[in-house]
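Undergrad: Below are the structure tokens for one structure; questions will follow.
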Amino acid sequence: MILEEHTTSDGLLTLIVQQFDDGPAIGFAGLSWHTHPDLLVGYYGDDEEKALRSFVSAILNDKLLIVCSVARDRVERAWVDDNLQDAMEAAAGSKTMKVRYWSGWLSSEMNTSAASASSQQS
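The sequence shown begins at -5 in my numbering and counts up one residue at a time.
Structure below.
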């Protein structure tokens, strides 16, 4: 059962909190990546509910990056990352990977520079 859902203004991603028999999960609708509140305890809050609320809030308020694999103007994979360098390195390894915040894509220069850095390392 979906407990809550939030869709980006460009309509490309929908963040969902879904209840399963073994507990809630946070992920993107139609995509495989997800996480569970028990894995977020300690970093995002001192119990599962606080961690869930804090994590969702961090995504929606552009505190966390979202790395996306994009093909034909459609997101095929996406996951959350809290480290800009790690996110840009992930994007640098592929021409289809881009980095964004919830409110929108990072500048094309940042995404392009990640791709060029990767090709220069090869």
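Idealized CB from N, CA, C, for every residue including glycine.
My parser needs the alpha helix (DSSP H) runs of 4 or more residues fully inside the stretch 20 to 59; what are they?
TA: Complete alpha helix (DSSP H) runs here, min 4: 31 to 34 and 42 to 54.
Undergrad: For the candidate residues F14, L9 and L7, whose alpha-carbon lies nearest to that of M(-5)?
TA: Position 1 of the sequence shown, counting from 1, holds the residue named residue -5. Checking every option, the nearest Cα to that of M(-5) belongs to F14.
Undergrad: Mind checking which residues open and close the beta strand (DSSP E) that includes L78?
TA: One-based indexing of the sequence shown puts residue 78 at position 84. Unbroken run through L78 is the alpha helix (DSSP H), L78 to A86; no beta strand (DSSP E).
Undergrad: Are the beta-carbon atoms of M82 and V69 separated by less than 8 Å?
TA: Position 88 of the sequence shown, counted from the first residue, corresponds to residue 82. Position 75 of the sequence shown, counted from the first residue, corresponds to residue 69. No, they are not a contact pair.
Undergrad: Keeping to the same chain, check which residues put their C-beta closer than 6 Å to that of T1; ignore five residues upstream and five downstream.
TA: Here residue 1 refers to the residue found at position 7 of the sequence shown. Here the set comprises T8.
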